[in-house]
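Novice: Following this message is one structure expressed as structure tokens.
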Amino acid sequence: MVSKIIAGWRIQRRVISALMIRELVTRFGRENIGFLWMMAEPLLFAVLVGLVWRYMKGPEEHGVSIVAFVATGYIPLTLFRHVVTRTSRVFSVNGSLLYHRQIKVLDFIFVRFVIEVIGSMMAFLFIGAILYALNEFPLPADIGALLLGWFLYCFFTFSLCLVLAPVSEMSELLEKLLPVTLYIMIPFSGTFSMVSWLTPNLQKFMLYSPFVSPMELLRYGLFGDRVNAVYDLSVPIAASLILTLIGLGLCRRVRRTLVVE
Amino acid sequence: MIQCEQLRKSYPMGSGRKEVLRGIDLQIGQGEHIGFLGRNGAGKTTLIKLLGGVEMPTSGKIRRNMSVSWPLGFGGGFQGSLTGYDNARFISRIYGHSYAEIKDFVEDFTELGPQLRMPVKTYSSGMKARLAFALSLAIEFDCYLIDEVIMVGDANFHQKCHDELFVKRGDRTIILASHSAELIREFCDHALVLNQGKATAYADVEEALGVYELL
């Protein structure tokens with residue numbers, strides 16, 4: 005029994021690392037900076053949007069550097085948007101890999117997720133280091149809170165993908181609705197505002213969004229008491245657990261009927 | 009040994025379902041060379057996909073007590089945008105084999121030379137067939153699942169397959185889906201005729217071919 009689990013774990017690790025390498029090679033190639041490209045996009049987004057905001061609104065907002073504030077919001081948001089967009093029809097797109105029995109459909113979701121997470125973390129570190137040198141970025145006030153915020157944000161993103169991937173195979177509607185949904189959700193993602201800036205009624209409402217509390221926690225971890233963070237971690241945790249359960253069930257069901265070319 | 013119990017497979021078709029396999033019972037032992045005969049659309053490829061675990065049966069069970077290759081055809085198993093070498097690397101990684109050994113075997117068997125550095129989507133079907141065979145032979149399965157369409161190679165390729173598969177690896181199980189009487193006669197020692205979702209096994213290839221020709 006135990007040896008079976010260990011053998012299964014070994015195969016799984018082999019498959020995941022092979023799939024990661026394959027994904028990196030197909031997406032970024034071996035030319036010039038190669039896989040470092042995966043942090044290029046979140047980085048450019050954060051820097052450019054941050055600069056635009058700085059010229060529009062001045063160097064600080066509610067007591068913290070505006071560039072740092074935008075960067076901390078935008079990098080998780082690009083992570084979310086990328087992972088979700090890449091999850092759509094991920095089973096059929098990778099169908100030819102299902103010829104190898106050791107590869108499971110969950111591996112596809114997991115691999116794309118991990119690549120985006122690594123890319124955004126690298127972008128976050130990179131931008132943090134540069135802005136720190138320019139005196140625009142603080143040292144994390146509470147690294148535990150920062151990491152927990154990141155973790156909860158990622159966990160929710162992943163659990164949502166576990167549902168979206170199988171649903172996108174069941175109905176084409178999802179693919180059509182995805183772009184507009186990703187746009188509409190931005191105000192509810194906690195990216196550009198803190199909960200405490202809002203009216204009390206709106207605050208309660210915002211905390212129901214599973215993105216908001218992790219985002220608040222992340223910003224608290226970075227800026228410390230210079231921001232007034234409001235969060236309720238039970239919302240993202242409960243939402244992620246429920247989505248994970250539903251998602252695993254749906255993945256299993258869809259795999260049984262998946263037509264592989 | 010591969011054992012199938014009451015395998016059924018249906019696909020959605022319009023508002024109803026198309027039943028491709030309607031209850032297949034099958035036992036394939038070590039070292040058997042078995043041909044799947046059937047007209048176009050009889051379910052040969054579907055059955056091969058189920059045996060290979062590429063698709064799941066709608067109902068019924070498959071037990072595999074030996075290592076079974078992925079179905080060798082044109083489509084599956086490859087990544088078209090990657091080069092032949094990259095595909096070999098990927099396969100060696102997921103099956104836990106040393107890339108150096110696989111690389112040598114692939115170069116030797118496919119004779120594709122510098123073409124191996126090109127994306128697989130630029131290959132002709134004969135070249136893809138060579139690569140597919142080379143990779144699966146390098147992994148060394150107990151049982152090979154082969155779709156006839158892949159037997160498109162030239163005489164030299166045909167000879168190589170024959171040597172590697174039937175001479176050097178004569179103790180392996182081979183399942184060959186085909187409607188060519190010639191191929192089945194050459195490679196198989198018994199056969200299964202698929203018709204209207206049911207399978208009938210024949211110990212004698214000539215008898216199976218006789219039934220098949222009357223379909």
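These protein sequence lines map, in sequence, to chains A and B. Each residue of the first sequence is one higher than the one before, starting from 5 at the first, in our numbering. Each residue of the second sequence is one higher than the one before, starting from 9 at the first, in our numbering. Ideal Cβ positions, reconstructed from N, Cα and C, are used throughout, including at glycine.
(1) For the segment 90-124 of chain A, which residues have a beta carbon sitting closer than 8 Å to at least one beta carbon of chain B?
(2) Using beta-carbon positions only, say whether A:V97 and A:C158 come within less than 8 Å of one another.
(3) Which residue comes first and which comes last in the alpha helix (DSSP H) that contains B:L202?
(4) Can you pull the chain A residues whose beta carbon is under 7 Å from the beta carbon of B:Q11, in chain order?
(5) For B:D94, does the count of other Cβ atoms within 10 angstroms reach 16, so buried, or fall short, so exposed?
(6) What is the rounded straight-line gap between the Cα of B:S186 and the Cα of A:P80?
(7) Starting from the Cα of A:L252, find the closest Cα among A:M198, A:K108, A:G77 and A:K180 and give me that residue.
(8) Given a cut-off of 8 Å, decide if B:L200 and B:A211 are closer than it, judged by their beta-carbon atoms.
(9) Quick check: A:F215 and A:F192, are their CB atoms within less than 8 Å of each other?
(10) What is the DSSP secondary structure of B:H166, counted as helix, strand or coil?
(11) For A:H66, which of A:V231, A:Y59, A:R256 and A:S163 has the nearest alpha-carbon?
(12) For B:L90, decide whether its Cβ has a neighbour in chain A, counting only Cβ atoms nearer than 8 Å.
(13) Determine which residues share a DSSP beta bridge with B:G24 and list them.
(14) By the criterion of Cβ-Cβ separation under 7 Å, what are the contact partners of B:V62 in chain A?
(15) Could you work out which residue in B:L90, B:H105, B:P65 and B:T54 is closest to B:V128 when comparing CA atoms only?
(16) Does any residue of chain A bring its CB to less than 8 Å from the CB of B:R101?
(17) What residues in the segment 13-35 of chain A bring their beta carbon closer than 9 Å to a beta carbon of chain B?
(18) Can you check whether the C-beta of B:G84 is within less than 8 Å of a C-beta belonging to chain A?
(19) Taking C-beta pairs closer than 8 Å, name the residues in chain B that A:R259 reaches, listed in chain order.
(20) Just grab the DSSP bridge partners of B:G43 for me.
(21) Pair every Cβ in the segment 120-135 of chain A with every Cβ in the segment 41-60 of chain A, then say whether three or more of these pairs are closer than 8 Å.
(22) Would B:H46 pass as an interface residue toward chain A - the criterion being a Cβ-Cβ separation below 8 Å?
(23) Candidates B:G60, B:T118, B:F86 and B:E156: which alpha carbon is nearest B:W78's?
(24) Just grab the DSSP bridge partners of B:S13 for me.
(25) Are B:L139 and B:G92 close, meaning C-beta to C-beta below 8 Å?
(26) Return the CA-CA distance between A:V167 and B:H170, expressed in angstroms with no decimal places.
(27) Can you tell me which of B:F141, B:K52 and B:S132 puts its alpha carbon nearest to the alpha carbon of B:A96?
(28) Determine the DSSP secondary structure at B:D212, reduced to helix, strand or coil.
(29) With DSSP collapsed to three states, give me the class of B:Q35.
(30) Which ranges would you report for the alpha helix (DSSP H) in the segment 79-133 of chain A if only whole runs of at least 4 residues count?
Specialist: Quick look at the numbers:
(1) From the segment 90-124 of chain A, only G99, S100, L101, L102, Y103, H104, R105, Q106 and I107 have a Cβ closer than 8 Å to chain B.
(2) no
(3) Premise fails: B:L202 lies in the beta strand (DSSP E), H198 to N203, not in any alpha helix (DSSP H).
(4) None at all; the shortest Cβ gap to chain A is about 16 Å.
(5) Classification for B:D94: buried.
(6) 53 Å
(7) A:K108
(8) no
(9) yes
(10) helix
(11) A:V231
(12) Under the Cβ distance rule, B:L90 counts among the residues neighbouring chain A, one pair being separated by less than 8 Å.
(13) B:M21
(14) Scanning chain A for C-beta atoms nearer than 7 Å to the C-beta of B:V62 yields L102, Y103 and V264, reported in chain order.
(15) B:V128 has its Cα closest to that of B:L90, out of B:L90, B:H105, B:P65 and B:T54.
(16) Yes - at least one Cβ of chain A is within 8 Å of the one on B:R101.
(17) Listed by position, the residues of the segment 13-35 of chain A near chain B (Cβ gap below 9 Å) are R14, I15, R18, V19, S21, A22, L23, I25, R26, V29 and T30.
(18) yes
(19) M64
(20) B:L184 and B:A199
(21) yes
(22) It should be noted that the sequence gives Gly, not His, for residue 46 of chain B. Not one chain A Cβ lies under 8 Å of B:G46.
(23) Nearest option by C-alpha distance: B:G60.
(24) For the record, residue 13 of chain B in the displayed sequence is Glu; it is not Ser. DSSP output for B:E13 lists B:K69 as bridge partner(s).
(25) Going by C-beta atoms, B:L139 is nearer than 8 Å to B:G92.
(26) 47 Å
(27) B:F141
(28) In the structure shown, the three-state DSSP call for B:D212 is coil.
(29) strand
(30) 94-97
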